[in-house]
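Protein chains in written order, with UniProt numbering: chain Z, 1 to 123; chain D, 1 to 471. No residue lacks a Cβ here, since even glycine has one placed at the ideal position from N, Cα and C. Computed from a predicted structure; not experimentally measured. Report on the structure given below.
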Ligand SMILES: C[S@@+](CC[C@H](N)C(=O)[O-])C[C@H]1O[C@@H](n2cnc3c(N)ncnc32)[C@H](O)[C@@H]1O
Ligand SMILES: [Zn+2]
């Protein structure tokens, strides 16, 4: 926790921060790798929801270069295994996520990201 | 010839029984047919004769439905034993193959009554014409034959031992196919045996029923936006789904140790890899990048009784000067790593319920389900209360009351029936059309009504709120 699947779904939501507010940038991260059950059906169903560029860039920043730059049309088992590992087995336990647009810092502690906004940031 | 099965249901949460049967049948592509006559499918009665396509379907249902105690192959029923024997003889083709050398056990039992030993023997002997030649085996029989006398439940009356014996409403007879093994999960997920729980935790039987309403199964992605201590996350993950939880109050999910409480409880159940993530945020200011993510949303919204509904904001507007100070405070780096905790304001329940439905419509995949509790004042509830919070593309498919007396809560299951994509809800108060007064549902201002003891405004009698104890 925070897994890259989650990271791929969270955008900055501060008031008036609507463009360039994704992906949030990881900082000072502590990673853990934990095995998860491989479920190809879930992965195939989830693929259309992925922002591919954000996922590839983030995985590379964390040192994993196994994903192709373009999301493939045809998927084989090896690709799905890599995708599984990246989406579900890399956990960011500590650190923070910063909005590339407004600079809001979302801290992560014991694997739980604090996505609350401050008073002046809500609509 | 349709195959008939005798379902024995637990005598609890009777309004949840048929919705659960519908959900688990839908999940496994099982078709079933309930009895034609209303009295034969009355969910307060212990037995129901249901048509299925195969014995395997009966086994699947018994292994997953929390409210099924057992399923039998149906042999006969009748209001007298003469009737039972007549029907049973006609159905000889169903039990003929057990005559030669199948070991068996014969059990006779009843509801709300105790049958004296002597008559039990009498009844068993009256089935002698079946001429079963296998040996009687009380421990490990090949088949179990069950004869069940249903007596009317007369709550409030105390009967003498064996009083009214033989004055049953109906007798059922059949062969056991499968015990309802899912009921054991009620003990497995018992809150008191969980390493982490709080005063908002949901009892395990109801959490399991909620998980079944979501159609949880491997490959599904399920979300609880008011996850608290995670009660519904565990059974949902147990059935194979991946679960995401969020809450405005991180302490509810974390507890006091380093490893968050919800994760520790998930580890206890061997399902921690199914908890995708937990995150702290207010649903009215949420960070979801896009919609159509989840197969189901399952949640117990804050009613304001134990854990008040709140949202980011302030009850009163601040002066310019105060606002400036707050801004300074939230921007300045804090010495420890405690996150900034912003102020919150109350969130009225009928507003929250309508928002939740819009939020679910945005986040659910087409066909996805929203399963949640809505507290209500029993005497004031009207069907329209549920419909007043619906929106286009969201349809109620089940609505089951758990009655606590003067108040209760309804487990509502809503299906997203639309393929249309919606933008995220604004969470602004809805403006009722000005020309007609808007319908005021009974769950509006539930918290206030709860603490006033549900007095009608014109009711002058004093009632203490202590009168309404939590279940
Ligand atoms: C009835 S409790 C749910 C309890 C949970 N089912 C459990 O097992 O502990 C409601 C939860 O909603 C949270 N909550 C209240 N207002 C909220 C909001 N606006 N956004 C997100 N969570 C909120 C509370 O912190 C509380 O944990
Ligand atoms: Zn931002």
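- The C-alpha of residue 348 (chain D) is placed about 54 Å away from the C-alpha of residue 165 (chain D).
- Between residue 117 (chain Z) and residue 14 (chain Z), the C-beta spacing is below 8 Å.
- Here residue 69 (chain Z) has 56 as same chain residues with Cβ atoms under 7 Å from its own Cβ, once five neighbours each way along the sequence are excluded.
- As for any beta strand (DSSP E) of minimum length 3 sitting wholly inside the region 150 to 214 of chain D, the runs are 170 to 179, ordered along the chain.
- Between the beta-carbon of residue 217 (chain D) and that of residue 240 (chain D) there is about 5 Å, and that keeps the pair under the 8 Å contact cut.
- The beta carbon of residue 35 (chain Z) falls within 8 Å of a beta carbon belonging to chain D, placing the residue at that interface.
- Residue 127 (chain D) and residue 83 (chain D) have their C-alpha atoms spaced approximately 12 Å apart.
- If the five residues before and after residue 397 (chain D) are omitted, its C-beta is found closer than 6 Å to the C-beta atoms of 413, 415, all from its own chain and listed in chain order.
- Within the region 48 to 109 of chain D, the complete alpha helix (DSSP H) runs of at least 4 residues fall at 55 to 64, 81 to 90, 92 to 95.
- Within the region 74 to 118 of chain Z, the complete alpha helix (DSSP H) segments of 4 residues or longer fall at 77 to 84, listed in chain order.
- By the rule that beta-carbons nearer than 8 Å mark a contact, residue 47 (chain Z) does not touch chain D.
- For residue 20 (chain D), the uninterrupted alpha helix (DSSP H) run begins and ends at 17 to 28, by DSSP.
- Chain D places no beta carbon closer than 8 Å to that of residue 93 (chain Z), leaving this residue out of the contacts.
- Assignment of residue 54 (chain Z) by DSSP, reduced to helix, strand and coil, places it in the helix class.
- If you measure from each CB to the nearest heavy atom of ligand 2, the residues under 6 Å come out as Z:12, Z:14, Z:17, Z:21, Z:99, Z:101, Z:102, Z:104.
- Rounded to the nearest angstrom, the gap between the Cα atoms of residue 207 (chain D) and residue 191 (chain D) is 10 Å.
- At least one CB of chain D lies nearer than 8 Å to the CB of residue 119 (chain Z).
- Residue 195 (chain D) has its Cβ no nearer than 7 Å to any heavy atom of ligand 1.
- For residue 121 (chain D), the closest C-alpha among the options D:112, D:113, D:114, D:108 is that of D:108.
- Taking each of D:356, D:418, D:124 in turn and checking the Cα distance to residue 426 (chain D), the smallest one comes out for D:356.
- Residue 236 (chain D): member of the alpha helix (DSSP H) spanning 233 to 238, first to last residue.
- Against chain Z, a Cβ distance below 9 Å from residue 260 (chain D) picks out 1, 110, 111, 112.
- With a cutoff of 8 Å on beta-carbon distance, residue 77 (chain D) and residue 49 (chain D) are scored as near each other.
- Under the three-state reduction of DSSP output, residue 118 (chain D) falls in the helix class.
- The C-beta of residue 273 (chain D) comes closer than 8 Å to at least one C-beta of chain Z.
- 272, 273, 274, 275, 276, 277, 278, 279, 280, 281, 282, 284, 285, 286, 287, 288, 289, 290, 292: these are the residues of the region 268 to 292 of chain D whose beta carbon lies less than 9 Å from some beta carbon of chain Z, given in chain order.
- The straight-line gap separating the alpha-carbon atoms of residue 49 (chain Z) and residue 121 (chain Z) is approximately 27 Å.
- Per DSSP, the unbroken beta strand (DSSP E) holding residue 371 (chain D) starts and ends at 364 to 377.
- At least one heavy atom of ligand 1 sits closer than 7 Å to the Cβ of residue 347 (chain D).
- With 16 or more neighbouring CB atoms inside 10 Å of its own CB, residue 300 (chain D) falls in the buried class.
- Between the region 273 to 280 of chain D and the region 230 to 247 of chain D there are three or more inter-stretch CB-CB distances shorter than 8 Å, so the stretches are counted as touching.
- Residue-level contact check: residue 366 (chain D) does not touch chain Z, since none of the beta carbons of chain Z fall below 8 Å from its beta carbon.
- Against residue 32 (chain Z), chain D offers no close residue; the least beta-carbon distance is about 12 Å (beta-carbon pairs closer than 7 Å).
- Contacts between residue 6 (chain Z) and chain D, judged by CB atoms closer than 9 Å, involve 244, 276, 277, 279 in chain order.
- Residue pairing for residue 241 (chain D): DSSP places it in no beta bridge.
- Per DSSP, reduced to three states, the secondary structure at residue 414 (chain D) is strand.
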